[in-house]
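In the working numbering, the protein residues as written are 311 to 452. Where a beta carbon is used, it is the ideal one built from N, C-alpha and C, also for glycine. All values reported here derive from a predicted model rather than from experimental measurement. Step one of this worksheet: look at the structure below.
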């Protein structure tokens, strides 16, 4: 009897997960260089179609803080600084790494979500995982 290799047992473990679109990542990276820039964009996400103005991470943080500063209460002040606090923690954790990372999140301003027969949902500011975007196009629906 000969030892034959078991292809299932000997195969390396394969973990699959959604991979963000490289071109969309590069577009967002480009927008991150100029905080005042934005582009009209339509996305296909699990909930439906989403359109708005895609903005960079820094612009999203500024909009987030601005919107929360209009809300009264100490909790709103703490939340206004939350994205910056998270960014500082990430920078400290990655301080020893010299590799630039591609964006993993996408941010929209003045977004509208269209799903099924429901009324469109308007969102002043939206953040989502790039790996959840299954399709995209420049512009908004007419």
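Point to revise | Nonlocal neighbours in the same chain, by C-beta distance under 8 Å from residue 344, ignoring five residues either side | key: 366
Review point. Which class does residue 363 belong to by DSSP, given the choice of helix, strand or coil?
Key: strand
Check your understanding: Quick one: what's got a C-beta closer than 8 Å to residue 342's C-beta in the same chain, skipping five residues either side?
Key -> 366, 367, 368, 413
Practice item. With DSSP collapsed to three states, give me the class of residue 376. Key: helix
Point to revise | Between the CA atoms of residue 347 and residue 359 - distance to the nearest angstrom | key: 22 Å
Exercise for review: Would you mind sorting residue 447 into buried or exposed? The rule is 16 or more other CB atoms within 10 Å of its CB.
Suggested key: exposed
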